[in-house]
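Before any comments, here is the structure.
Residue numbers (the UniProt record's numbering): 1 to 332.
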């Protein structure tokens, strides 16, 4: 043990640059025999033995491998509360139309057969066939509006009012044609009181100024009964206009669709065919008379009734599997 301490001190002294001989180190390693010897001990004897430093185990450092590779650059995203501006959809200038290639279409006889099935148990006089013509047209363009007397009138009990001088020739023609009311001041007073007992109103051109002064537009305007030159109800031939109105029907384009009653439920398929053909011919004529800049085309024709859904017409009168038209001529 003493030899090991001696070797350790020699090594420590050499490391610290202190020259010592083995004899001196051996003498210093021994404990002093007397107190005087302890007091006279050499200062080097106070140096702690370094043998434990030389005999201690040396820890071998091992390289550590990082579990995750460092990220050289990191993208930072900051949330924002500012709403992104939405792209405005381009507004359509025409009405939306559906493709008819996959739509079920029916002949006139088949459509009448299904419609009559929906009207079983209804009053035949209160239900009517209605034709809906869908157009390919602009939303803000001019509309089609006219009056038509069908070959087989749908409504024959129309009451017509004629505004004309009571003692004039126009008043006499109106009465002969079947007008229900004829006159000026008397009719004006009834209208102002709210007594409107007529379905159509016609004004002779000589009474137009007097009618405007009476202020009838507030009452007749919202009801669509106010006579006007544009609507064709301010005329010079009163008798002819009244005869055309009796049994006639008006039609007007609304939202790209024209609707009009074309028959009663008791009509035969042949009568319905003639009415539908007359209406379609008049409609095509009205569209042809418009300006060249206005393009209107017929997209679809639908037949319905008061209590039934609509059936798209194919343009045929009868299909290969249709029933006989005679079976649709009787009562429901």
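Cβ atoms here follow ideal geometry from the backbone N, Cα and C, with glycine treated the same way. The structure presented is a predicted model; accordingly, all values stated were derived computationally and were not measured.
For residue 145, the enclosing beta strand (DSSP E) covers residues 145 to 149.
Under the 10 Å beta carbon count, residue 98 is surrounded by fewer than 16 other beta carbons and is classified as exposed.
Taken through DSSP and simplified to helix, strand or coil, residue 273 comes out as helix. Restricting attention to 102, 127, 181, 143, the CA atom closest to the CA of residue 164 is found in 181.
Assigned with DSSP and collapsed to three states, residue 165 falls in coil, not helix or strand. Between the segment 140 to 155 and the segment 249 to 263, the count of C-beta pairs closer than 8 Å reaches three or more; the two stretches touch. For residue 287, the CB contacts under 6 Å within the same chain, skipping 5 residues up- and downstream, are 296 in chain order. Spatial neighbours of residue 302 in its own chain (CB-CB distance under 6 Å, excluding positions within 5 residues in sequence) are listed in chain order as 132, 310, 312. For residue 221 and residue 85, the gap between their C-alpha atoms comes out near 45 Å. Closest in alpha carbon position to residue 170, among 111, 202, 139, is 202. Counting the other Cβ atoms within 10 Å of the Cβ of residue 227 gives 16 or more, which makes it buried. Residue 187 and residue 329 have their C-alpha atoms roughly 43 Å apart. Between residue 135 and residue 298 the beta-carbon gap is near 6 Å, inside 8 Å, which marks them as a contact. Sixteen is the threshold: when 16 or more other Cβ atoms of the shown chains lie within 10 Å of the Cβ of residue 275, as they do, the residue is buried.
Less than 8 Å divides the Cβ of residue 323 from the Cβ of residue 109. With a cutoff of 8 Å on beta-carbon distance, residue 219 and residue 192 are scored as near each other.
A straight-line Cα-Cα distance of about 7 Å links residue 317 and residue 273. Counting along the chain, residue 128 sits inside no alpha helix (DSSP H); it lies in the beta strand (DSSP E) bounded by residues 128 to 136. In the structure shown, the three-state DSSP call for residue 175 is helix. Within its own chain, the residues whose Cβ lies closer than 7 Å to the Cβ of residue 176, once the five positions on either side in sequence are excluded, are 239, listed in chain order. Just so you know, the alpha carbons of residue 115 and residue 282 end up roughly 25 Å apart. In terms of Cβ geometry, residue 236 and residue 205 form a close pair [threshold 8 Å]. Closest option to residue 142, judged by alpha-carbon separation, among 96, 305, 248, 291: 291. Per the C-alpha coordinates, the member of 104, 241, 138 positioned closest to residue 293 is 138. DSSP lists 131 as the beta-bridge partner residues of residue 260.
In this structure, residue 128 keeps its C-beta atom at 8 Å or more from the C-beta atom of residue 268.
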